[in-house]
Amino acid sequence: MKKIRFFIALMAAKLARFLLKLLGRNASYLPGEVALKISKDFLGHLKLPETVICVTGTNGKTTVSNLLTSILAKNGYSVTNNSFGSNVQAGVAAALLADSNIFGKSKKDIAVLEVDERSSLLVYPYINPDYLVVNNIMRDSIKRNAHTGFIDYIISSALPEKTKLVLNGDDMITSNLAPQCKNRTYFGLDAEKPEVSEKPFLSDIVYCPECGALLESEYLRYNHIGRMYCPSCGKKSPERDYLCTDVDRENSTFTVSLKGKEHTFNLINDNIVNIFNFTGAIAILSEIGLSVSQIEKGFSQSEIVKSRFDTLKAGKLDVTFIMAKGQNPIACARCFSYAASIQKENKLLLIDIDDLHDNINESESTCWLYDCDYSYLADDSISEIIFTGPRCRDQLLRAVLAGVDKNKIILEPDVSKAVDLIDTEKYKDVIVLYELYRQPDADKMKIQIKNLGEGTK
Amino acid sequence: MKIELLFPEVCGLYGDAQNYEYLKKSLPDAEFIVTDFLSTPYFFEKDPDIICIGSMSEEMQRKVLDKFRPRKDRINELIEKGTVILATGNAAELFCEKIEYITEKKETEGLGVFPLTAKTDLFKRYNGKVLGECDGIEIVGFRAQFSFIYGDNSDCFFLKMIRGDGINKESGFEGMRKNNLMCTTCLGPILPLNPLFTEYIISLAGGSEKAAFREEAMSAYEKRLAEFHDPKVKF
Numbered sequence: 000m001k002k003i004r005f006f007i008a009l010m011a012a013k014l015a016r017f018l019l020k021l022l023g024r025n026a027s028y029l030p031g032e033v034a035l036k037i038s039k040d041f042l043g044h045l046k047l048p049e050t051v052i053c054v055t056g057t058n059g060k061t062t063v064s065n066l067l068t069s070i071l072a073k074n075g076y077s078v079t080n081n082s083f084g085s086n087v088q089a090g091v092a093a094a095l096l097a098d099s100n101i102f103g104k105s106k107k108d109i110a111v112l113e114v115d116e117r118s119s120l121l122v123y124p125y126i127n128p129d130y131l132v133v134n135n136i137m138r139d140s141i142k143r144n145a146h147t148g149f150i151d152y153i154i155s156s157a158l159p160e161k162t163k164l165v166l167n168g169d170d171m172i173t174s175n176l177a178p179q180c181k182n183r184t185y186f187g188l189d190a191e192k193p194e195v196s197e198k199p200f201l202s203d204i205v206y207c208p209e210c211g212a213l214l215e216s217e218y219l220r221y222n223h224i225g226r227m228y229c230p231s232c233g234k235k236s237p238e239r240d241y242l243c244t245d246v247d248r249e250n251s252t253f254t255v256s257l258k259g260k261e262h263t264f265n266l267i268n269d270n271i272v273n274i275f276n277f278t279g280a281i282a283i284l285s286e287i288g289l290s291v292s293q294i295e296k297g298f299s300q301s302e303i304v305k306s307r308f309d310t311l312k313a314g315k316l317d318v319t320f321i322m323a324k325g326q327n328p329i330a331c332a333r334c335f336s337y338a339a340s341i342q343k344e345n346k347l348l349l350i351d352i353d354d355l356h357d358n359i360n361e362s363e364s365t366c367w368l369y370d371c372d373y374s375y376l377a378d379d380s381i382s383e384i385i386f387t388g389p390r391c392r393d394q395l396l397r398a399v400l401a402g403v404d405k406n407k408i409i410l411e412p413d414v415s416k417a418v419d420l421i422d423t424e425k426y427k428d429v430i431v432l433y434e435l436y437r438q439p440d441a442d443k444m445k446i447q448i449k450n451l452g453e454g455t456k
Numbered sequence: 000m001k002i003e004l005l006f007p008e009v010c011g012l013y014g015d016a017q018n019y020e021y022l023k024k025s026l027p028d029a030e031f032i033v034t035d036f037l038s039t040p041y042f043f044e045k046d047p048d049i050i051c052i053g054s055m056s057e058e059m060q061r062k063v064l065d066k067f068r069p070r071k072d073r074i075n076e077l078i079e080k081g082t083v084i085l086a087t088g089n090a091a092e093l094f095c096e097k098i099e100y101i102t103e104k105k106e107t108e109g110l111g112v113f114p115l116t117a118k119t120d121l122f123k124r125y126n127g128k129v130l131g132e133c134d135g136i137e138i139v140g141f142r143a144q145f146s147f148i149y150g151d152n153s154d155c156f157f158l159k160m161i162r163g164d165g166i167n168k169e170s171g172f173e174g175m176r177k178n179n180l181m182c183t184t185c186l187g188p189i190l191p192l193n194p195l196f197t198e199y200i201i202s203l204a205g206g207s208e209k210a211a212f213r214e215e216a217m218s219a220y221e222k223r224l225a226e227f228h229d230p231k232v233k234f
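Chains A and B supply the protein sequences, listed in that same order. 0 is the number of the first residue of the first sequence in numbering that gives the first Met the number 0; add one for each residue after it. 0 is the number of the first residue of the second sequence in numbering that gives the first Met the number 0; add one for each residue after it.
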């Protein structure tokens with residue numbers, strides 16, 4: 000009976016996909032939803048590719064999934080992936096059924112599936128991933144993800160013992176996930192160790208998960224990312240099998256030690272968060288058997304998708320666009336930190352990070368602003384900040400509370416008018432931070448800034 | 000004035016720890032005591048004027064209760080004395096009789112200040128907004144929780160709701176109050192979100208200072224208040 004339901008679900012979903020495509024619509028979610036409505040255990044009946052890699056974690060899963068898909072494809076593998084669709088159960092189902100035949104058998108070599116942490120219980124028990132890559136687990140959307148203990152609980156409860164874990168060894172929460180999975184390897188970053196660890200604005204792990212004593216750190220890079228140990232029971236961050244040992248920003252390369260030998264790769268982006276992402280990607284590619292030269296080739300031909308990071312020259316203006324996930328305090332703080340660190344002096348920041356969905360007949364919960372470290376915006380290199388969007392007054396309050404000089408701040412509730420406030424006489428360097436779902440805003444701003452910079456407005 | 004912030008390293012989810020920063024900026028002359036979870040709370044032996052505790056994980060809730068339970072009498076003494084105690088998010092539940100953890104099939108005894116039971120289900124996340132009134136002040140806030148509180152709080156509520164749910168979906172009263180113990184399921188930054196309420200808290204503790212960054216805070220508060228009163232804005 001279950002099998003019959005599965006085939007009905009598969010046919011219905013394929014028909015839905017066909018019709019959506021015919022209408023020129025995105026088919027990355029709905030066909031999966033149709034399949035799961037008819038057959039709850041649809042995922043469990045699919046004949047999956049020989050290798051199934053899942054990627055999860057709070058920040059960076061899309062970057063890693065995209066990169067893996069791109070590098071595998073460049074090396075001749077056929078890959079199923081959901082990177083441009085939804086990362087919940089229906090999105091995973093939609094991606095897998097799109098690449099399967101009428102019997103539900105995959106036509107691809109490998110599946111690279113980005114999985115939302117909260118979907119763990121609905122995905123892993125059915126598809127039993129061969130590998131799971133976890134970049135980090137940290138504070139995320141208050142509305143959906145609650146706290147890291149909850150996320151740890153659902154990922155760990157969902158994973159089958161046979162899955163090999165590829166974990167960030169510099170994250171004490173991630174590295175302790177799913178103890179039932181004995182087959183595990185760790186990646187991390189040894190280069191550019193901070194000489195002095197600043198006290199993090201917030202940390203999602205403070206006490207030893209084994210004995211409850213206060214954890215100490217050899218060093219921390221941001222939040223709880225770094226090397227920790229317990230002076231009481233001796234628990235410590237695990238040794239890393241894949242270790243980034245050098246970052247050469249000038250020549251845009253980074254070096255990773257693989258099985259005791261160092262290899263240099265093209266550095267696609269020098270944000271510390273992405274260096275972790277890249278090292279994690281190298282770890283999993285090596286685990287599934289790609290040679291160093293295959294990985295090198297992949298990195299040399301890859302870039303971060305432009306929707307996440309882009310630059311633009313408009314007359315005298317040098318503009319950098321960085322996507323910052325709203326409602327995600329640590330991801331946003333990393334973007335603030337990065338924005339403060341690039342383009343050294345006298346820069347203007349335009350910040351458009353209100354949640355789009357939460358502001359349609361709604362009033363966004365701004366609690367997350369208070370978990371986000373706004374003190375990066377007090378950096379001397381930032382001369383002016385334009386907060387735009389319906390919550391700009393809240394942004395102002397949060398920023399001044401974090402020590403940003405209020406005289407540097409301009410508010411413009413109407414996003415479409417924000418670019419007009421850029422003084423092209425005063426500023427050459429502009430950084431635009433925009434929220435994930437505000438890509439259309441960013442696209443319009445690119446046109447507006449181009450016109451402004453080139454004096455055609 | 001002495002202000003104690005309890006366990007911000009583990010009871011500071013959802014921006015709760017920033018209530019304290021806001022008080023710090025509002026009360027530059029006050030003495031602030033930060034107590035970490037492994038230390039003995041200052042209030043066990045001495046009398047702070049304000050105590051703040053914020054949201055935490057469910058595991059932490061049980062640990063905090065294990066720490067507080069032996070000092071129930073002292074906590075009641077402070078409540079009777081009129082010490083201002085602000086418990087936000089699920090810290091409010093500590094003061095119930097019992098907390099049931101449905102997913103984990105556990106339960107724990109609370110401090111029993113209020114004859115109420117909190118029930119937590121990790122597979123049911125609730126998000127909501129709060130527009131309520133406390134001693135003539137309109138309070139705006141946000142909620143994100145796995146739990147509801149059950150029982151009758153009609154004679155011990157923190158907020159009389161104008162819009163939004165109370166302690167559970169059937170209740171019109173949010174949170175609990177006894178003297179100056181204020182327990183609210185509103186998350187963290189309730190103080191910067193509500194400068195008038197911040198000034199009220201300060202006055203209850205004997206101060207007369209104004210809320211920090213008052214102009215900016217009032218501007219954000221008034222905008223939100225107008226939105227929350229707008230029937231087009233979903234609750």
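Glycine included, every Cβ here is placed at the ideal spot set by N, Cα and C. From a predicted model like this one, the values you see are computed outputs, not experimental measurements.
Exercise for the section: List the whole-angstrom C-beta distance separating G131(B) from E173(B), where the pair is believed to meet the contact cut-off of C-beta under 8 angstroms. Expected result: 5 angstroms
Exercise for the section: Tell whether a beta-carbon distance below 8 angstroms holds between L121(A) and T55(A). Expected result: no
Practice task
Report yes or no: is there a C-beta of chain E within less than 8 angstroms of the C-beta of F227(B)?
Solution key: Of the protein chains in this structure, namely A and B, none is chain E.
Problem - Under 8 angstroms (Cβ pairs) to chain A, residues found in the region 98-128 of chain B - result: L121, R124, N126, K128
Problem - Any C-beta of chain B under 8 angstroms from that of H356(A) - result: no
Problem - Pair within 8 angstroms by beta-carbon distance, I283(B) and C10(B) - result: Here chain B covers residues 0 to 234 and nothing more, so residue 283(B) does not appear.
Exercise for the section: Check whether the Cβ of I141(A) lies closer than 8 angstroms to any Cβ atom in chain B. Expected result: yes
Exercise for the section: Return helix, strand or coil for A401(A), following the three-state DSSP convention. Expected result: coil
Exercise for the section: Pull out every residue of the region 387-401 of chain A whose Cβ sits closer than 7 angstroms to any Cβ of chain B, in chain order. Expected result: R392, D393, L395, L396, V399, L400
Exercise for the section: Compile a chain-ordered list of the residues in the region 362-375 of chain A whose CB is closer than 8 angstroms to at least one CB of chain B. Expected result: S362, S364, T365, C366, W367, L368, Y369, D370
Handout entry: Unbroken beta strand (DSSP E) run spanning K105(B), endpoints
Key = 105-108
Handout entry: Best match in K71(B), E137(B), A143(B) for proximity to F113(B) [C-alpha to C-alpha]
Key = K71(B)
Practice task
Please decide whether N360(A) counts as near chain B, where near means a Cβ-Cβ distance under 8 angstroms.
Solution key: yes
Exercise for the section: With F320(A) as the anchor, note down where its beta strand (DSSP E) starts and where it stops. Expected result: 316-323
Exercise for the section: Compute the distance between the beta-carbons of D151(A) and I172(A), then report whether it is under 8 angstroms. Expected result: yes
Exercise for the section: Could you tell me how far apart the beta carbons of S119(A) and I154(A) are, in whole angstroms, since I believe they sit closer than 8 angstroms? Expected result: 5 angstroms
Problem - Buried or exposed by the 16-neighbour rule on C-beta atoms within 10 Å, applied to P178(A) - result: exposed
Practice task
Give the range of the alpha helix (DSSP H) segment to which T278(A) is assigned.
Solution key: 271-286
Practice task
Kindly indicate if chain A contains any beta-carbon less than 8 angstroms away from that of V63(B).
Solution key: no
Exercise for the section: Verify whether the separation of the beta carbon atoms of M175(B) and C185(B) is less than 8 angstroms. Expected result: no
Exercise for the section: Indicate the three-state DSSP secondary structure (helix, strand or coil) for D245(A) in the structure shown. Expected result: strand
Exercise for the section: Decide if L396(A) is buried, meaning its Cβ has at least 16 other Cβ atoms within 10 Å, or exposed. Expected result: buried
Practice task
Indicate whether V133(A) and L188(A) have their beta-carbon atoms separated by less than 8 angstroms.
Solution key: no
Problem - Boundaries of the beta strand (DSSP E) in which F31(B) is found, first to last residue - result: 30-34
Handout entry: Cross-chain neighbours of G225(A) in chain B, by beta carbon under 7 angstroms
Key = None at all; the shortest Cβ gap to chain B is about 16 angstroms.
Exercise for the section: Could you work out which residues of chain A lie near A143(B), taking near to mean beta carbons separated by less than 8 angstroms? Expected result: I141, K142, A145, S364, C366
Practice task
Locate the beta strand (DSSP E) running through T82(B), then write down its first and last residues.
Solution key: No beta strand (DSSP E) contains T82(B), which DSSP labels as neither H nor E.
Problem - Segment limits, beta strand (DSSP E) that includes Y117(B) - result: Here residue 117(B) turns out to be Ala, not Tyr, going by the sequence shown. Its beta strand (DSSP E) spans residues 116-119.
Problem - Three-state secondary structure (DSSP) of K24(B) - result: helix
Problem - Residues that F212(B) contacts on chain A, provided the C-beta gap is smaller than 7 angstroms - result: L396, V399, L400
Practice task
Would you check if the distance between the CB atom of G90(A) and the CB atom of G84(A) is smaller than 8 angstroms?
Solution key: yes
Practice task
Could you tell me the distance, in whole angstroms, from the CA atom of Y28(A) to the CA atom of A93(A)?
Solution key: 6 angstroms
Handout entry: Neighbourhood of I274(A) by C-beta distance below 7 angstroms, restricted to the same chain and skipping five residues each side
Key = L188, C243, V246, F253
Handout entry: L347(A) to L376(A) span [Cα, whole Å]
Key = 11 angstroms
Problem - Element boundaries [alpha helix (DSSP H), containing A90(B)] - result: That residue, A90(B), is in no alpha helix (DSSP H); it is neither H nor E in DSSP.
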